[in-house]
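Listed in order, the protein sequences are those of chains A and B.
Using our numbering, the first residue of the first sequence is number 1, and each one after it goes up by one.
Using our numbering, the first residue of the second sequence is number 1001, and each one after it goes up by one.
The beta-carbon is built from N, C-alpha and C at its ideal position, and this holds for glycine as well.
The structure appears right after this line, and notes come after that.
2 protein chains.
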Amino acid sequence: MRLTTKGRYAVTAMLDLALHQGKGPISLADISDRQGISLSYLEQLFAKLRKQELVQSVRGPGGGYELKRDSAQINVAQVVDAVNESVDATGCQQKGNCQSGEICLTHHLWMDLSGQIHGFLSGISLADLVVRNDVQTVAQRQDGRATEELILASRSS
Amino acid sequence: MRLTTKGRYAVTAMLDLALHQGKGPISLADISDRQGISLSYLEQLFAKLRKQELVQSVRGPGGGYELKRDSAQINVAQVVDAVNESVDATGCQQKGNCQSGEICLTHHLWMDLSGQIHGFLSGISLADLVVRNDVQTVAQRQDGRATEELILASRSS
DNA sequence: TTTAATTCCTACTAAATTACTCGGGTAAAT
DNA sequence: ATTTACCCGAGTAATTTAGTAGGAATTAAA
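Rendered as structure tokens:
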């Protein structure tokens, strides 16, 4: 079962994209600033997200990334799956060869858990997250700070 | 979120204990043979399980481990928690300081997921697992093989 | 047409974690 | 006494994560 910073970063970045939808492509530099994720690392994650056709890119100045589908059509499980291998709690990638070719004592338990997690995460779309109160609050804080930094930067120039 | 071989081994070993309950203490060597887990590694895991008072030990010849509580009173979440730090999907150990002291955009999502996983695993006791068909089948295979090996060993001596 | 912004791509690396091994203890039964 | 088993701490190889580095390709705008 892998659910580490990698998967969390991916979901966070995708949610950032969903929140700033309709303003043209969003650059990874913006996401990096807002979410505090290293730019190079974001590039690697978005390479995978693009392969899975969850985002599309626009190159050149003013370019960036956009969701390839509507935010209601992208769920959290898809995003995590795109960057991790899978939301899988078994040790055998569900093959059932966990104990020298045969299934181990707890194989079905981990299969059930995997199903549970996948069911939960696939039931939550980016659109669902966007309208959540806690997400709105944090997003406002992040956008506010970004604006603040812009003002500070323009003053000092 | 950590759910790796470590946690799976712990649950498997505890289930082995539950399956062979009432036959006196079970040695780690037996569990190692049946479940294909390194003996030394099992020792480390059982040190933690003992600290959490999930098992008790009997030293000396004929010794081993027994469940400290009834198998119905021990759930899978407790076992995983005993060896991993926790079944926690957040990156901040639920402290909410994920983004430079404040909560990150997806904090509540991972809190919810953690709750979901914990709820699922804490709803399954060792006793529940023991009576499952798939567990029974594998247990029979494992016990059968152990007996077979005994016969082969006695023949070659 | 140059410049700058941006994605794209590959390789490398530091830190952490996992999944062990090793070597010696300590307690208790025979 | 000897053996069986738990107990304990240190060390280690492999893997993964998280991130760096450097550059090439693309394209909008100056």
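Three-state class that DSSP yields for Leu-1039 of chain B in the structure shown: Taking the second sequence and counting its residues from 1, the one referred to as residue 1039 of chain B is at position 39. It is helical.
Rounded C-alpha distance that separates Arg-8 of chain A from Val-80 of chain A: Along the first sequence, one-based indexing puts residue 8 of chain A at 8. Along the first sequence, one-based indexing puts residue 80 of chain A at 80. Going by the C-alpha atoms only, they are around 8 Å apart.
Selected residue, minimal CA-CA separation from Gln-44 of chain A, among A:Gln-78, A:Leu-17, A:Lys-6 and A:Gln-73: One-based indexing of the first sequence puts residue 44 of chain A at position 44. Per the Cα distances, A:Lys-6.
Proximity of Ser-114 of chain A and Asn-75 of chain A at Cβ, strictly below 8 Å: On the first sequence, position 114 is the one that residue 114 of chain A refers to. On the first sequence, position 75 is the one that residue 75 of chain A refers to. One thing to note: Ser-114 of chain A has its Cβ no nearer than 8 Å to the Cβ of Asn-75 of chain A.
Nearest neighbour of Ala-1072 of chain B, chosen from B:Arg-1141, B:Val-1131 and B:Val-1135 [CA to CA]: Position 72 of the second sequence, counted from the start, is the residue given in the question as residue 1072 of chain B. The shortest Cα separation from Ala-1072 of chain B among B:Arg-1141, B:Val-1131 and B:Val-1135 belongs to B:Val-1131.
For Gly-64 of chain A, the residue or residues it bridges with in DSSP: For the purposes of this step, residue 64 of chain A is identified with residue 64 of the first sequence, where counting begins at 1. Partner(s): A:Val-58.
Inter-residue spacing [alpha-carbon to alpha-carbon] between Gln-1052 of chain B and Val-1083 of chain B: Looking up residue 1052 of chain B in the second sequence gives position 52. Looking up residue 1083 of chain B in the second sequence gives position 83. Taking the straight line joining both Cα atoms gives about 9 Å.
Through-space distance from Leu-19 of chain A to Asn-133 of chain A, alpha-carbon basis: As a working mapping, residue 133 of chain A is identified with position 133 in the first sequence. As a working mapping, residue 19 of chain A is identified with position 19 in the first sequence. Taking the straight line joining both Cα atoms gives about 13 Å.
Residues sharing a beta bridge with Ser-125 of chain A, DSSP: Walking along the first sequence from the start, residue 125 of chain A turns up at place 125. Partner(s): A:Asn-75.
Span separating the alpha-carbon of Thr-1004 of chain B from that of Ala-10 of chain A: Counting from 1 along the second sequence, the entry for residue 1004 of chain B is found at position 4. Counting from 1 along the first sequence, the entry for residue 10 of chain A is found at position 10. Between Thr-1004 of chain B and Ala-10 of chain A, the alpha-carbon positions lie close to 21 Å from each other.
Three CB pairs or more closer than 8 Å across the stretch 92 to 107 of chain A and the stretch 1020 to 1033 of chain B: no
Listed by chain order, chain A residues near Val-1011 of chain B by CB distance under 8 Å: Mapped onto the second sequence, residue 1011 of chain B falls at position 11. Neighbours of Val-1011 of chain B across chain A, judged by C-beta separation under 8 Å: Thr-106 and Leu-109.
Proximal residues to Ser-1157 of chain B (C-beta, below 8 Å), its chain only, five neighbours per side dropped: One-based indexing of the second sequence puts residue 1157 of chain B at position 157. Its pLDDT being 44, under 50, Ser-1157 of chain B is placed unreliably in this model, and the coordinates cannot settle the point.
Where Thr-1140 of chain B falls: helix, strand or coil (DSSP): Position 140 of the second sequence holds residue 1140 of chain B. For clarity, residue 1140 of chain B is Gln in the given sequence; the question names Thr instead. Gln-1140 of chain B: helix per DSSP, three-state reduction.
Delimiting residues of the alpha helix (DSSP H) encompassing Ala-89 of chain A: Here residue 89 of chain A refers to the residue found at position 89 of the first sequence. That residue, Ala-89 of chain A, is in no alpha helix (DSSP H); it is neither H nor E in DSSP.
Identity of the residues DSSP links to Gln-99 of chain A by a beta bridge: The sequence position of residue 99 of chain A within the first sequence is 99, counting from 1. DSSP, once it has assigned bridges, lists A:Glu-102 as partnering Gln-99 of chain A.
Nearest neighbour of Glu-1102 of chain B, chosen from A:Leu-109, A:Val-135 and A:Thr-90 [CA to CA]: Counting from one through the second sequence, the residue named residue 1102 of chain B turns up at place 102. Among A:Leu-109, A:Val-135 and A:Thr-90, the Cα nearest to that of Glu-1102 of chain B is on A:Val-135.
Spatial distance of Leu-1129 of chain B from Val-55 of chain A (CA atoms): Taking the first residue of the second sequence as position 1, residue 1129 of chain B is located at position 129. Taking the first residue of the first sequence as position 1, residue 55 of chain A is located at position 55. Going from the Cα of Leu-1129 of chain B to the Cα of Val-55 of chain A covers about 42 Å.
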